[in-house]
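Residue numbers (the working numbering), protein chains in the order written: chain A, 1 to 341; chain B, 342 to 682; chain C, 683 to 1023; chain D, 1024 to 1364.
Number of protein chains: 4
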Amino acid sequence: MTPTKTELLRDTIEHLDIKAHDVRPLVRAMGHMAFQARNLHRAATLYDAMLEDTECGVILCLAGSLFSAGLKQVVVDLVRHRMVDAIVSTGALIVDQDFFEALGFRHYRGSPHADDNTLRELHIDRIYDTFIDEDELRECDATIARLASELETRPYSSREFIGEMGAWLARHGKTRDSVVLAAHEAGVPIFCPAFSDCSAGFGLVHHQWTRAGRPQLSIDSARDFLELTRCRLALRDSGLFMVGGGVPKNFAQDVVVAADFVGQPVAMHKYAVQLTVADERDGALSGSTLREASSWGKVATTAEQMVYGEATLTLPLVAGYAFHQRHWEARPERRLVAACQ
Amino acid sequence: MTPTKTELLRDTIEHLDIKAHDVRPLVRAMGHMAFQARNLHRAATLYDAMLEDTECGVILCLAGSLFSAGLKQVVVDLVRHRMVDAIVSTGALIVDQDFFEALGFRHYRGSPHADDNTLRELHIDRIYDTFIDEDELRECDATIARLASELETRPYSSREFIGEMGAWLARHGKTRDSVVLAAHEAGVPIFCPAFSDCSAGFGLVHHQWTRAGRPQLSIDSARDFLELTRCRLALRDSGLFMVGGGVPKNFAQDVVVAADFVGQPVAMHKYAVQLTVADERDGALSGSTLREASSWGKVATTAEQMVYGEATLTLPLVAGYAFHQRHWEARPERRLVAACQ
Amino acid sequence: MTPTKTELLRDTIEHLDIKAHDVRPLVRAMGHMAFQARNLHRAATLYDAMLEDTECGVILCLAGSLFSAGLKQVVVDLVRHRMVDAIVSTGALIVDQDFFEALGFRHYRGSPHADDNTLRELHIDRIYDTFIDEDELRECDATIARLASELETRPYSSREFIGEMGAWLARHGKTRDSVVLAAHEAGVPIFCPAFSDCSAGFGLVHHQWTRAGRPQLSIDSARDFLELTRCRLALRDSGLFMVGGGVPKNFAQDVVVAADFVGQPVAMHKYAVQLTVADERDGALSGSTLREASSWGKVATTAEQMVYGEATLTLPLVAGYAFHQRHWEARPERRLVAACQ
Amino acid sequence: MTPTKTELLRDTIEHLDIKAHDVRPLVRAMGHMAFQARNLHRAATLYDAMLEDTECGVILCLAGSLFSAGLKQVVVDLVRHRMVDAIVSTGALIVDQDFFEALGFRHYRGSPHADDNTLRELHIDRIYDTFIDEDELRECDATIARLASELETRPYSSREFIGEMGAWLARHGKTRDSVVLAAHEAGVPIFCPAFSDCSAGFGLVHHQWTRAGRPQLSIDSARDFLELTRCRLALRDSGLFMVGGGVPKNFAQDVVVAADFVGQPVAMHKYAVQLTVADERDGALSGSTLREASSWGKVATTAEQMVYGEATLTLPLVAGYAFHQRHWEARPERRLVAACQ
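Listed below in structure tokens is the structure:
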């Protein structure tokens, strides 16, 4: 018998709290092992080293369905504890998953073996083993459309627009545990270089469609690149903490070259860590080694580490290790939002 | 002894010509086997079915370093033979690789074991086993910056800007075998939803940096989404032919939902084929099954097929099979560029 | 409605014939590309070089469900055309798949989405997208048990036992297109170092169970290693052509060390090619690089190549290329079976 | 400057101690997430359920370079705390890695980027990022050869031979923390169905080579299968805890069919857990789903779980969770060695 929508949307995804688990003894033990355990330990110590290095700004790159999978609170905590100075992300994470939950909606534990035709009829969207209420997602799209319609009709960087989303959440949000809200409060800029490739895209298409022939708000992705370059120029050194690959990885790596191209050369990224399941043999950027990035002049080779593992297993350990080392306590709040303008 | 730049940049990448290899007997034999050979056969027949179905427009999605790897001519041929009606791509493919070669530059066969610090000193960039002259790439960036400076200062969709690149190549290009040029000639729109995440980004950042305080050209990624939605509305049915995942896959799948969101509901994508090495178990979009996309109302489940294999091995067989079936001969030239405006 | 067994076991797997497809122009074109296409070209030319090198014996290593997937005829043709001098394989390939088909049974095209509980009730076994009649497989097990009972009760190497299977097929087999039979005729030894890990195991367990307390036939896996070492000692040089990893890869690589250990040092394997989907990052042997094998003194580094791709896609191209080069025409028939005794 | 052997063999691999890390709160939190974190939680609870189910015997399957990577103590602890009743393993783990360390030798932390030709000259073997002293490994081989020469010249199951190794270690071993020794003491049988495919193979080849023409010890892999079948017959229910795939996974799954084939039908494995990086799309056994195994009548579908992740990251969490649940306290010591004879 086919289950009902209520039965299918019952078990909520709960976000892991790195503050509650001091994983340092476990991660340290992994440092004496081999393979990915040892790689993970090194990645954790490199992230910790970025935080201890007070001259170094940290750019967090996010790709993959991390927040719907229970990793949202990890990033909220990184923002709140000055463990990250700028974020480059896919739009889905920021809008469909974080902003969505900030509207009071939730993700649900489902099954990868569910019948997708049944789900579609019930207005349930599936991400591997996770369910989302499609009607709630449409409400998220509509909220973005309304928000866009209240803003001045001019080109925005995604960073600016997400800043407006943060300001809106400060007034209307249903939860404080939101990456968009926490970043707004901490002055941490969030960039989505492919911002229309998500729920925001639906909202903005709706905005432009209904404003046809009239002045419209637009999203200037070139400006995102310019602003992130300005962030880098405001830092003495930089480190990349990358979860997944895709556009965020490439975009953040490229900023060193962009600075050079506008006549403001800066040092290569001093540290680089990537958690990924991709591998280098297909030649795609997501799995390209950080050594390869060094040939492009983007990343220094002495302090880079890739960890081959799925993020729900690796991010809690790497971020948890660095959190409990507490080097963030002595870090300044950089508020790079100011450098973007 | 360290090799010189001339020694390292000697063996050029040559693009495979699907017209020269009638792979149909081989692909048909694979259809009676198992595993990925059989999947590949089914993908090839589905792509062929899209082309035979005269009511169906074909959207080609491209991600990964395909053109630097020798697959540029395959896409040029698909465009020239009416085997694709719209393209969604990463910026790197369109600008750093296709436009770059159209300027007369080349990619070179290198080694994944090269010393990246040496390469950097020689201004050689590496993509796995392929080398690029960084100085030539900077020339490509600068060309984009100049081109931008000659255009009207207003928001452009990436499609519009790439159209301008095509027009420029028609006058100044060094080769006719360019995807950007062929698409310009055939009226095939090319979308790069993350357009600043590539060489174009460097050019545009340079443009905006040097124009600080003055009117600037910008890239409106929301408008890309609107335009691709309009392309879908101009078609009775649609099929997706996806090479790799990432933003292009998501963006093109989403257009069905976008159409619905602006009150113009259309049918789900009737056909969907993806060639990929990603897998579903990390929950990321790149490896998500096309059945999963069906729960979102994006893709119909009856005619979808994923092929697990690296694109240099699989694309020549799938595209070659469909080319030699010659169903493209009876296809109309849709010139969807007109639907974008 | 649940399908019947007859409906499910209808579409037979048909084996690909490399003789019918001259893939050399395609493979040569791949040699000017990048990533796995170029790796595949190099692997094909290295296999061809092994065959051209008349002092070099070729050991073919097989793992994975290759024969049930339609690759049996490829190996039959390699054996018949003197393109291989010894085979190391999993037991499943040799017994459950090759010997099984030689009894007149077939594999069937099925679906990875079939309901496995239904299949079990119908006595249908599934390998990903392939179906097997469990009742026929039991008949295969029973044939092995009968064959064992007719042999002298002493330790056999798997090679000896498989030789007996070949002799039996020469009298009773239902098809001539059998690897076991072709190898028997050509004097090519076949080793299954984990011989009881397959249908043969069921037959031999039955033999030993019913002979409890009486003299029994046994399978001496140490003797396999000794015999393969003797094969290597009978050769001036050796090359490995490996499809998949697992025990066969390790076993064949190790033979160089074994020769040294019994005081008969030989050169490292001069050529080594592996087609695989495994990767090195989990530290397991299947995906370990051939460069790593060089640290162990097993494989020379100058002529090794791994190709990352699934075997149904890659083996037809690599084997087909070498077949149509026809360097096998000038190769001697080595009949290494004689060296084993 | 090339490093010396002493410099390269300096940092020892240290084995992780699950007793020191109560990972239960972390693993429980993962149970409310998605993707592999949730899969890992379910795998951990299923392993725990096997231990709580007093009628259920647990068969541990091991493949991959686990012990050289620092996971040896995990397995020693599973054996000592009655968390496993039988082990099926690759030979390399049992002989080259466990027995090797019991002789007083160690594994060393190295680098995957080391020059393999240099390593070979220094007699250093590499496993990804781990180094081994080849001279010490030869000493291990020679010890096996001596041990074989002292035994009665008849066919042994690998289980019997490994039992003799355990007895030898009880007298001569340099450490108590050995899987072979602990299993000997606890009456836990260890099977290596491809026993000659490892350091033992070198020892046994040496034995048979030097005994040519005289009575020899042999290894009967059919008898292994018979003995493991007897173990299963001695149990009411069974559960599989599999790390990696390969021969051990197949062998242990098959035992249900073997029991049926000798006329002693038993229930399918009631529980099955696999930690692996392989995936199902190449059709090979290592990545085949446990649902697929159900079509073969080997594994029940209600309590199976695969976890996609590298074992150094996943095994400490799964085994650690079950250890700290302490259901092993109420488990009987089954001493299945007795059932083998």
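C-beta: ideal position from N, C-alpha, C; glycine also.
Predicted, not measured: the structure shown is a model, and the values here were computed from it.
Listed by position along chain D, the residues whose Cβ is nearer than 7 angstroms to that of A375/B are G1306. Taking every protein chain shown into account, the CB of T90/A has 16 or more other CB atoms within 10 angstroms, so this residue is buried. Look at G1186/D: its C-beta is not under 9 angstroms from any C-beta on chain A. Per DSSP, R1047/D lies in no beta strand (DSSP E); the unbroken alpha helix (DSSP H) holding it starts and ends at 1047–1053. At a cut-off of 9 angstroms between beta carbons, D811/C makes no contact with chain A.
For F943/C, the closest alpha carbon among the candidates F1128/D, H1347/D, T1166/D is that of T1166/D. The stretch 91–99 of chain A and the stretch 199–216 of chain A touch, with three or more beta-carbon pairs separated by less than 8 angstroms. According to the DSSP assignment, V1111/D belongs to the beta strand (DSSP E) that extends over 1109–1112. Put simply, the backbone Cα of G928/C is about 19 angstroms away from that of F35/A. For a Cβ distance threshold of 8 angstroms, nothing in chain B lies close to N39/A: the least Cβ distance comes to about 17 angstroms. In the same chain as G1133/D, and ignoring 5 residues on each side of it, the C-beta atoms closer than 7 angstroms to its own belong to L1031, R1149, D1152, T1153, F1154, in chain order. Chain-ordered listing is empty here: chain A has no CB closer than 7 angstroms to the CB of Y1070/D, the nearest sitting near 17 angstroms. For secondary structure counted as the beta strand (DSSP E) over 3 or more consecutive residues, the stretch 205–260 of chain A holds these complete runs in sequence order: 237–243. Only buried fits P155/A, as 16 or more other CB atoms lie within 10 angstroms of its CB. Per the coordinates, the alpha-carbon of I354/B lies some 5 angstroms from the alpha-carbon of H714/C. For T983/C, the chain D residues whose C-beta falls within less than 7 angstroms of its own C-beta are D1139, N1140, listed in chain order.
Burial of T289/A is indicated by the presence of at least 16 other C-beta atoms within 10 angstroms of its C-beta. A433/B sits away from K515/B, with the two beta carbons spaced by 9 angstroms or more. According to the DSSP assignment, Q646/B belongs to the beta strand (DSSP E) that extends over 645–649. Shown here, G398/B sits in a strand according to DSSP, grouped into three states. Residues of the stretch 884–899 of chain C that bring their beta carbon within less than 7 angstroms of a beta carbon in chain D comprise F884, L886, V887, H888, Q890, W891, in sequence order. In this structure, DSSP gives D116/A a helical state, which the three-state scheme calls helix. Per DSSP, reduced to three states, the secondary structure at I359/B is helical. By the C-beta density criterion, Q682/B is exposed, having fewer than 16 other C-beta atoms within 10 angstroms. With the rule of 3 Cβ pairs closer than 8 angstroms, the stretch 919–926 of chain C counts as touching the stretch 955–964 of chain C.
Residue environment for H1195/D: exposed (fewer than 16 other C-beta atoms within 10 angstroms of its C-beta). In the DSSP annotation of this structure, the continuous segment of the alpha helix (DSSP H) that includes I826/C starts and ends at 816–831.
For H951/C, the pairing in a beta bridge is given by DSSP as V981/C. For Y838/C, the three-state secondary structure derived from DSSP is strand. One thing to note: K249/A has its Cβ within 9 angstroms of the Cβ of C61/A. The beta-carbon of G752/C is placed less than 9 angstroms from the nearest beta-carbon of chain B. Counting other Cβ atoms within 10 Å of its Cβ, L833/C stays below 16 and is therefore classed as exposed. With contacts defined as CB atoms closer than 9 angstroms, A634/B and L558/B fail to qualify as a contacting pair. Using a 10 angstroms sphere on the CB of G283/A, the tally of other CB atoms reaches 16 or more, which defines it as buried. The C-beta of S920/C comes no closer than 9 angstroms to any C-beta of chain D.
Annotation for D807/C: the continuous beta strand (DSSP E) segment containing it runs 806–809.
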